[in-house]
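Going by our numbering, the first residue of the sequence shown is number 131, and it counts up by one from there.
Beta carbons are placed, not taken as given, at the ideal position from N, Cα and C, and that holds for glycine.
These numbers were taken from a predicted model, which means no experiment stands behind them.
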Amino acid sequence: MEGYAPAFIAHNVPLLFVSGVSPASRESHTQQSDKYDTGTTLDVSAEVAAKLMQLLNEGDSSTLAWNSNEFTGKKKFRVKPVGRDYTLPPRTAITTSTTKSLSPASSKQILHSILSPLSPESALYPDGLIDSKWIEKHQELVPCVLISFYKFTTDPNFSQTHDDKLKAAICQERKNLSLSGYKSYLVVALISDDATVISPDIEERLSILRKETGLDTKSSQLFLSSQNSIDELKGSVTNLVAKIYPACIEYYRDHSKHSRRKKNRGVVPRPTAPPTSGTSQILSSHVWNFRYDFKLGVFAEFRQEMDSALRSYESAYEILFGADILETISNWSPRWNEARCLADVLAFRMIRCLLWNGKYTSAVRRWALHKERIKDFVDRRGKGSATYGWEAWEARWATIMGEIIKRVSIPEFNSLTIYLLPESSLATGKRLEPWEYLHHPGYWFRIASKHVIARRCLAQKIPEEYRLPPASSPGLRSRSNDYIFDTYMCPEPYKENPLPGNQGFDHSSLILDLLTEAITEFEKRKQIRLVQELQMLTANELIKNKLWPEAFKILLSLQKTMSYRKECWWHAVEEVLLALREVAVCVGDAESILAVDWELMNKDFTRNSDITYDFSNALNFIDLKNRPTLVIQDTELHSFLTSTFTFGSLKGKVGDVCLSQFVVHSNAIPSSAPVKISQIRISFEGNMKSIILNHKDVEIFISNEEGSVSMRKLVLCDTFENGQTVLTASTSLSFHPSCTTVFEFSNYLRECGLAKAVAATYFMSTEKFDLKYINNIHGNKMPGIWWNEDLISKKIARVNTSSIVILQKPPKLELRFKSPHSQYCINESILLELFILNNEDFDTIVALDVHLLGEHAPQVTLEINSVDTNDSCVAEVNDDKVELTGVYVGNVLKGKCAHVKINIPPVGFPGKYELLMKGNYRLVSEINNPMLKTVSTELQIINPFEATYDFSPRIHPDPWPSLFNYEEEIDDEGDQEYRPQSIPQRWCLTVRFSTILNSDIFIEDIKTETISINGEIWYQISKVTEIPKNGLKISPGVHEQVKFEVTAQNLLFNNRATASLDKFLVISWRRNADNSSINHTRLSIPRMYVSSSEPRVIGEIRYDYSSPFSVQLDFMVENLSQHFLSFGLSMESGENFVFSGIKQSVIQLLPLSRKLVKFRILPHVRNMWLGPIKFIVRDRYYQKLLRVMTTEMMKNEKEGIMIWIPEEVDC
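Put into structure tokens, the structure is as follows:
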């Protein structure tokens, strides 16, 4: 913002004068005014004054950022300390006639401000617009508030005398402030010496002081504070600032009202004296409106009302560019540049107001609009826009925009944000252009640097006759100023581009400053390309000024980090390299010269006549103090030498020989000399030795044609170097430009694993320097190519041709089972016998690792049965030094086997499991080479049985206890063992089962195990079906049946809750094999409900074997409820049988009682189901049919009951 008056560009904040705080800070202004001296006897102590000044300075807002967020806190004023003697500027000009003459003519003169164009003493008289001194007056000289600090004593002995002096001082201060004509607000702050609470006496003294000094008016206030602690002072200062701020805003609002009234009056004021005729004229009404709008905008800024300030500035701006101001000023007049300056200031302040309100795109548009209007105006009325003066203004205008953005301190630009999106309130009907977005400050500094460079170019075209100093040719200088050159805010031509030997404007310094600012901003936002571009411009500028060390530092960093190589922008890379070489020659840096020459030998760059392209003699033209040694990486530059390494196969085995090719291609400029490399070292990652190729002068025919290929087959020899073994060979390592050299050799694969070529290191040693170039092979993205003997290339379809997978020798150790079962059952211990057969050519040391994989898989144990061994072989190898994973088996001789038993504990869940066996072994001949044999087999664990269950009631043979003598029966038993006396119920559990195994098995026993008892019951279970002593043989697919009798009683007689049993069926069985172990398989039985409290009917049959054959059919009707029930019975005859018994009847049952109904059936059929027998039992009260519960040889059908009639022979 240089070139503009500081008052024009400063942000206006209320001005606060502080008096009586520090004698060292007293100031005296030079303007003429009435002076007065109130003495220092009432001043506060120096210590308290310093604390007060510190607290007030903490609230100073003159250094805050220009945004609304910063001005919302406690910082609201510009604080300026003054002494007791201070001078305010005069409001009107003091002329000689007013002071020395009292004539009637002189009394008619109208006095105006010394800053007004109406006063002859003003620099603006008679046709000036406005001066920066007017803003400076309100910002620096005339306060809105004057705070006077005085000491206030509480000592009653001196209070009267002190109060009298205080009244006199305050009255004198008010009088002088009133005589000055300014309406500044007077605030008197009294600092008490030790009073913390206002007593009635102090309150009375303050009241008298207010009345006698008139401090209760609108324009003054009185405060009292204590100096006991810094916290009290801080609170008092904060309270003071908060209370006077509204009065300050009102002060500037009154100024705005005054200016607005004068504008609305529309009258052109009369000057103190008329201007000289023929040269100037008084200002028009448009100029006065401009002045009023300008002042309204400034006063609005004082109030921080940026919207109002923006409207006033826009109005003043349009008036300035109207037909009545700028268009009427001649371009040779001094007022021309003043008007342009005011236009810049108005645009500057409008941009600041827009940024203050967050209207970023509008601010950019205002910046661009002002530039276009000024350009149009200069082209029409000025010297045109093709002058160095215009480029200087454009540079300044772009710099101002960047500095405004920095001073506004937009929060988004504190991050990596490059530009800001337009404000939401901006209504646009078309898409915004990229330059209409608000970019960060670096963008504007870059624009400014371009204009400064253009300014220098135009300045260098100034003819020599206009560059003469003023003393040499005043006529030419005058003509250049008036008609040819635009010198608005820039030097004259003789200073812009001085003749040799004269001092002038330093363009380079300005360019470097702008570029540095721009680089800083672009680096913050990671805009690498623009940073590198600006660094190159900076280096070129330093080279022009022959600042070699500074340029070398920038170019060296740029050469290492520039992104142009990755993007193949070879022209940009070449520009950087040539500049670096030029600077390196001047500073004598041999290593940089070598690095640049090595890279420039690539034919992707254009040939330069200043370079010999003989790399061996690259340093012949400079004197070397030390022998340089250079180490360069292929990632640091664009080398002309590239190399690839290709294995002939993707995989190989230990002990095999694999062909490989190392290819070196030279992409050097065709006219360059061959490069002779001293040594090439190929490094590998993995189990492969390094390869070293040494240079040897041999006669090898090499074609110099571009694109020629030569092949050399080499034999590698083992050499011990630096404590390790490497493979070496010697051949010619001279590489001609644009030629390809193929080195082919055989690699012996020694150890298993992944081996890959990592890097090829080129060593070059000459008389003057040593060079080490590292070419990374593994990261090379070039496709793999294989050259045959006819030098014909073919692509290899592999992802990475520079690596090979070296596999172990195939293991010949055999793991096999001896007659394993095909099926294994749950809860069965599994024993597998494993044979470990050694088919290797040597004895082996074996360890076995076995795991059962699957859900809930148990731990496997191993038992070593026998190992075929040989004492002599075992003695040769110390097994303690051999580390093997798993259970150690031992030394297995060649062609022999070991026996291992694998014990798998019972598995409780069916499913598929994987038995994984790892044979870790080592050959006695290669004890350090571990080998592995892996075998896995699937074990199917199944449930060996399928079972169905039938749980049905039976008629209990014992009589039921009587409801009437229940307690007597309990007493009769006396000391007998306690048993429940409730209703006994009998049930029958029938289990039908079969095996799903594919072989016969033997059932040793079947029983039940209780899981849980649900309810308060007593029960007893017994097996009805007996198992033979030698076991029950079951074949696959054959169904067997076993029955259990269950008797249950409730523990309490009146317990009606439902009770149930949860049980397992345990089947003890064994396989049909010798020494087969007994397994116990548990099957879940569905829950058995053994207690009922509802009425029921149970049917039962017995066969009568006498003649004629008949069937005894009994129905037991049981009332298990607590109610008296009545049932209706009916029996219907059928076609295939006749019966004897009741046909229809009614029975009545007491609670907890039963009755047996008997029928005799005479069937007419044999060996079939007889029925349906329709026996109906109906609850007469609820009209509910009771379903008959059938037992053995009975079943329920839809129509009725079916009973089985056997053959008479069976009977």
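Between the Cα of residue i and the Cα atoms of the options, which residue gives the shortest distance?
{"i": "PHE865", "options": "ILE807, VAL888, VAL828", "result": "ILE807"}
{"i": "ARG383", "options": "VAL371, SER314, VAL318", "result": "SER314"}
{"i": "LEU568", "options": "PHE814, LEU551, ILE1032, LEU1213", "result": "LEU551"}
{"i": "LEU1315", "options": "PHE1267, LYS1285, PHE1257", "result": "PHE1257"}
{"i": "ALA372", "options": "PHE775, THR222, GLY203", "result": "GLY203"}
{"i": "PRO111", "options": "GLU1329, ARG842, TYR1079", "result": "Here the chain has residues from 131 to 1341 only, and residue 111 is not among them."}
{"i": "ILE240", "options": "ILE379, LEU484, LEU686, PRO401", "result": "PRO401"}
{"i": "GLU1322", "options": "ILE1085, ASP1135, VAL1295, SER1283", "result": "ILE1085"}
{"i": "LEU1127", "options": "GLY1161, GLN1070, GLY853, ASP1135", "result": "GLN1070"}
{"i": "ARG390", "options": "GLY365, CYS378, SER438, VAL794", "result": "SER438"}
{"i": "LYS1042", "options": "GLU985, PRO1087, MET1061, TYR618", "result": "GLU985"}
{"i": "GLN633", "options": "ASN824, VAL209, LEU598", "result": "LEU598"}
{"i": "GLU671", "options": "GLY396, LEU640, PRO758", "result": "LEU640"}
{"i": "PRO541", "options": "TRP486, PRO1036, ALA469", "result": "TRP486"}
{"i": "PHE507", "options": "ARG585, THR458, THR646, VAL1019", "result": "THR458"}
What's the call for residue i, buried or exposed, on a 16-neighbour Cβ count within 10 Å?
{"i": "SER974", "result": "First, the residue type needs correcting, since residue 974 is Thr and not Ser in the sequence shown. THR974 comes out buried."}
{"i": "ILE658", "result": "exposed"}
{"i": "GLN689", "result": "buried"}
{"i": "MET1298", "result": "exposed"}
{"i": "HIS434", "result": "It should be pointed out that residue 434 corresponds to Gln in this sequence rather than to His. The residue in question, GLN434, is buried, as its Cβ has 16 or more Cβ neighbours within 10 Å."}
{"i": "GLU132", "result": "exposed"}
{"i": "TRP462", "result": "exposed"}
{"i": "SER1263", "result": "exposed"}
Specify the secondary structure class of residue i as computed by DSSP and reduced to three states.
{"i": "PHE147", "result": "strand"}
{"i": "ASP1001", "result": "The pLDDT assigned to ASP1001 is 40, lower than 50, so where the model puts this residue is not dependable; a value taken from the coordinates is nonetheless given after this. Helix."}
{"i": "TYR624", "result": "helix"}
{"i": "HIS416", "result": "helix"}
{"i": "CYS587", "result": "helix"}
{"i": "ALA253", "result": "coil"}
{"i": "GLU1068", "result": "strand"}
{"i": "GLY365", "result": "helix"}
{"i": "THR160", "result": "Low local confidence applies: a pLDDT of 31 at THR160 is under 50, so the model's placement there is unreliable, and no value is given."}
{"i": "PRO541", "result": "helix"}
{"i": "MET1323", "result": "coil"}
{"i": "LEU336", "result": "helix"}
{"i": "ASN467", "result": "helix"}
{"i": "MET274", "result": "Checking the sequence, you will find Cys at residue 274 rather than Met. In this structure, CYS274 counts as coil in the three-state DSSP scheme."}
{"i": "GLY1301", "result": "strand"}
{"i": "MET731", "result": "coil"}
{"i": "THR529", "result": "helix"}
In chain order, what residues of the same chain lie with their CB nearer than 6 Å to the CB of residue i, ignoring the 5 residues before and after it?
{"i": "GLN763", "result": "ILE904"}
{"i": "ALA714", "result": "SER722, ILE723"}
{"i": "GLY532", "result": "PRO571, TRP574, PHE575"}
{"i": "LEU767", "result": "GLU729"}
Give me, in chain order, the residues of the same chain whose beta-carbon lies closer than 8 Å to that of residue i; leave out the 5 immediate sequence neighbours on both sides.
{"i": "ASP1131", "result": "Sequence inspection shows Ile at residue 1131; the Asp mentioned does not correspond to that position. Cβ within range, chain order: PRO1074, THR1125, LYS1163, ILE1164, TRP1199, ARG1200, ARG1201, ASN1202."}
If I measure Cβ to Cβ from residue i and keep anything under 7 Å in the same chain, skipping five residues before and after, which residues do I get?
{"i": "HIS1210", "result": "ASN957, VAL1196, SER1198"}
{"i": "LEU945", "result": "LEU964, ILE966, MET1047, GLY1049, LYS1063, VAL1065"}
{"i": "TYR1149", "result": "VAL1176, THR1177, ALA1178, LEU1191, VAL1220"}
{"i": "ALA1187", "result": "GLY1145"}
8 Å is my cut-off, CB to CB: does residue i come that close to chain D?
{"i": "GLU647", "result": "Looking for chain D here will not work: only one protein chain is present."}
Roughly how far, in whole angstroms, is the beta-carbon of residue i from the beta-carbon of residue j, given that I think they are within contact range, below 8 Å?
{"i": "ASP971", "j": "LYS1024", "result": "7 Å"}
{"i": "ASP173", "j": "GLY150", "result": "5 Å"}
{"i": "LEU1300", "j": "ILE1333", "result": "5 Å"}
{"i": "PHE1245", "j": "GLY1229", "result": "5 Å"}
{"i": "LEU440", "j": "CYS483", "result": "4 Å"}
{"i": "SER112", "j": "SER1251", "result": "Because the chain is modelled from 131 through 1341, residue 112 falls outside the range shown and cannot be assessed."}
Within the present structure, is the beta-carbon of residue i separated from the nearest heavy atom of the ligand COA by less than 7 Å?
{"i": "LEU1014", "result": "You won't find the ligand COA in this model; it holds no ligand whatsoever."}
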